[in-house]
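In this note's numbering, each residue carries its 1-based index in the sequence shown increased by 43. Ideal Cβ positions, reconstructed from N, Cα and C, are used throughout, including at glycine. To keep things clear, I will list the structure first and then write my remarks on it.
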Amino acid sequence: MFGVTILGNNSAIPTLDRHPTAQIVTCNDQLLLIDCGEGTQLQFAKYGIRRSKLRYIFISHLHGDHYFGLIGLLNTLSLMGRTEPLSIFAPPELEQIIQIQLDCAGTILKFELTFVPLMPEYSGVILEDKDLEVRCFPTQHRISCFGFSVLLQKRKRKLLPDQAKAYEIPAAYYGKLQEGADYVRKDGSIVKNDWVTMSPGKGKRYVYCADTLYDENLLPYLKDADLMYHETTYLHELADRAAERFHSTTVQAATLAATAHVKRLLIGHFSSKYKELDQFLEESRPVFPNTDIAAEGTTFIV
Ligand SMILES: [Zn+2]
């Protein structure tokens with residue numbers, strides 16, 4: 044399973060029905076959290092996210108709407124008795140911010156917390172774990188800010204059922220074939236794995252563009268992604284304000300998605316001034332039809 048569950052899709056000020064940015068990326072049995080706006084731990088509870096499966100946290104930048112929920116979440120994990128280690132990838136100053144809050148409260152977390160600093164303008168691989176690879180890349184924002192590209196390789200080989208039947212391999216053994224095993228017949232002869240399976244094929248990729256100006260320099264990081272999230276803080280009539288504040292509009296996000304040939308676009312980080320979101324789709328879809336609102340509580344399969 045490779046999916047993205049939206050926990051928050053609003054910018055800056057939370058509203059009663061929209062929360063600041065947070066997303067859970069499910070990579071088989073591991074959960075990644077990207078950004079952690081205020082109230083994220085309540086959204087975990089609301090949408091039944093299993094805290095114990097959380098392994099990695101990625102914070103794009105240090106505007107509060109992307110990390111004010113972090114200290115609360117860490118505190119709760121410790122109170123709930125977590126012992127598994129947790130890693131946070133973030134701009135380096137975050138370590139101090141969290142540490143001072145823990146120190147002033149005399150809190151000692153019950154689990155090991157590792158900070159991996161993302162230095163300004165860095166791009167490259169920051170995590171490899173089993174079938175998972177995460178890269179970061181800089182975006183154009185008022186302060187140092189990172190997007191994240193999550194690649195999940197396919198684990199199992201593709202079974203060719205007709206071939207497997209032709210070699211009289213029992214169905215109970217198909218699982219082993221998908222893991223790459225050869226089959227030994229009763230007479231001792233071997234059926235090679237690649238006679239009855241195919242390579243698992245390319246992995247899938249989710250790209251999270253964080254907060255950013257419209258920026259074609261991002262294209263190499265986005266190209267051919269299966270799913271891309273891009274902020275649309277404003278409708279396109281406010282393109283000037285978006286540029287001033289280092290944010291993007293509907294038309295800009297959709298244009299980038301089309302140019303990068305991604306398969307599907309999610310939009311979010313909506314300004315609190317908008318009560319209804321329909322217009323965001325009305326402006327994006329003519330430019331890039333396969334666009335959806337990053338609706339809270341919805342899981343999008345990559
Ligand atoms: Zn920001």
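Quick one: what's got a C-beta closer than 6 Å to GLU155's C-beta in the same chain, skipping five residues either side?
-> For the purposes of this step, residue 155 is identified with residue 112 of the sequence shown, where counting begins at 1. Correct list, in chain order: PRO128.
Exposed unless 16 or more other CB atoms sit within 10 angstroms - verdict on HIS304 | By one-based count along the sequence shown, residue 304 stands at place 261. Exposed: under 16 other Cβ atoms inside 10 Å.
Starting from the Cα of ALA338, find the closest Cα among HIS279, GLN84, GLU274 and give me that residue.
-> As a working note, residue 338 is residue 295 in the sequence shown. Comparing Cα-Cα distances from ALA338 to each of HIS279, GLN84, GLU274, the minimum goes to GLU274.
The beta strand (DSSP E) with PRO160 in it runs from where to where?
-> Counting from one through the sequence shown, the residue named residue 160 turns up at place 117. Looking at the DSSP string, the run of the beta strand (DSSP E) that includes PRO160 is 156–160.
Pick out whichever of GLY231, GLU222, VAL239, LYS199 has its Cα sitting closest to the Cα of ALA209.
-> One-based indexing of the sequence shown puts residue 209 at position 166. If we check each option's Cα against that of ALA209, VAL239 comes out closest.
Any heavy atom of ligand 1 nearer than 7 Å to the CB - residues listed | Working through the chain, the matches are HIS104, HIS106, ASP108, HIS109, HIS184, ARG185, CYS188, ASP254.
Buried or exposed: CYS147, going by 16 or more other Cβ atoms within 10 Å of its Cβ?
-> One-based indexing of the sequence shown puts residue 147 at position 104. It counts as exposed.
Note down, one range per segment and in chain order, each alpha helix (DSSP H) of at least 4 residues found wholly within the stretch 144–227.
-> 204–209, 217–221
Neighbour-count burial assignment, TYR165, 16 or more Cβ in a 10 Å radius = The residue you call residue 165 lines up with position 122 of the sequence shown. So TYR165 ends up on the exposed side.
Exposed or buried, which one is PRO181 when buried takes at least 16 other CB atoms within 10 Å?
-> In the sequence shown, counting from the first residue as 1, residue 181 sits at position 138. Buried, since its Cβ has 16 or more Cβ neighbours within 10 Å.
Beta-carbon separation (whole angstroms), THR334 vs THR48, contact threshold 8 Å | As a working note, residue 334 is residue 291 in the sequence shown. As a working note, residue 48 is residue 5 in the sequence shown. Contact doesn't hold; Cβ gap of about 18 Å is too wide.
From ASP205 to ALA214, what distance separates their C-alpha atoms?
-> For the purposes of this step, residue 205 is taken as residue 162 along the sequence shown, with counting starting at 1. For the purposes of this step, residue 214 is taken as residue 171 along the sequence shown, with counting starting at 1. Looking at the two C-alpha atoms, the distance is approximately 11 Å.
PHE101 - partner residues in DSSP beta bridges = Residue mapping note: residue 101 aligns to position 58 of the sequence shown, counting from 1. ILE77, PHE132, per the DSSP bridge assignment.
Residue range of the unbroken alpha helix (DSSP H) whose run includes THR302 = Working through the sequence shown from its first residue, we reach residue 302 at position 259. Looking at the DSSP string, the run of the alpha helix (DSSP H) that includes THR302 is 293–302.
For the beta strand (DSSP E) containing PHE343, list its first residue and its last residue.
-> Position 300 of the sequence shown holds residue 343. Looking at the DSSP string, the run of the beta strand (DSSP E) that includes PHE343 is 342–344.
Under three-state DSSP, which class holds HIS273?
-> Taking the first residue of the sequence shown as 1, we reach residue 273 at position 230. Note: HIS273 maps to strand in three-state DSSP.
Quick one: using the 10 Å Cβ neighbour count with 16 as the cut-off for buried, is VAL345 buried or exposed?
-> Within the sequence shown, numbered from 1, the residue matching residue 345 stands at position 302. By the 10 Å Cβ count, VAL345 comes out buried.
Could you tell me the boundaries of the beta strand (DSSP E) in which LEU309 lies?
-> Taking the first residue of the sequence shown as 1, we reach residue 309 at position 266. It spans 308–311 - the beta strand (DSSP E) in which LEU309 sits, taken as one unbroken run.
According to DSSP, residues forming a beta bridge with ALA65 = Your numbering for residue 65 matches position 22 in the sequence shown. Answer by DSSP bridge pairing, in chain order: GLY51, CYS79.
For the stretch 306–318 against the stretch 49–57, are there 3 or more C-beta pairs whose distance is under 8 Å?
-> Flag = yes, the stretch 306–318 and the stretch 49–57 touch.
Got a sec? Which residues, its chain only, sit under 8 Å from LYS235 by beta carbon, not counting five neighbours each side?
-> As a first step, residue 235 is located in the sequence shown; it is residue number 192 there, counting from the start. Hits under 8 Å: ASP225.
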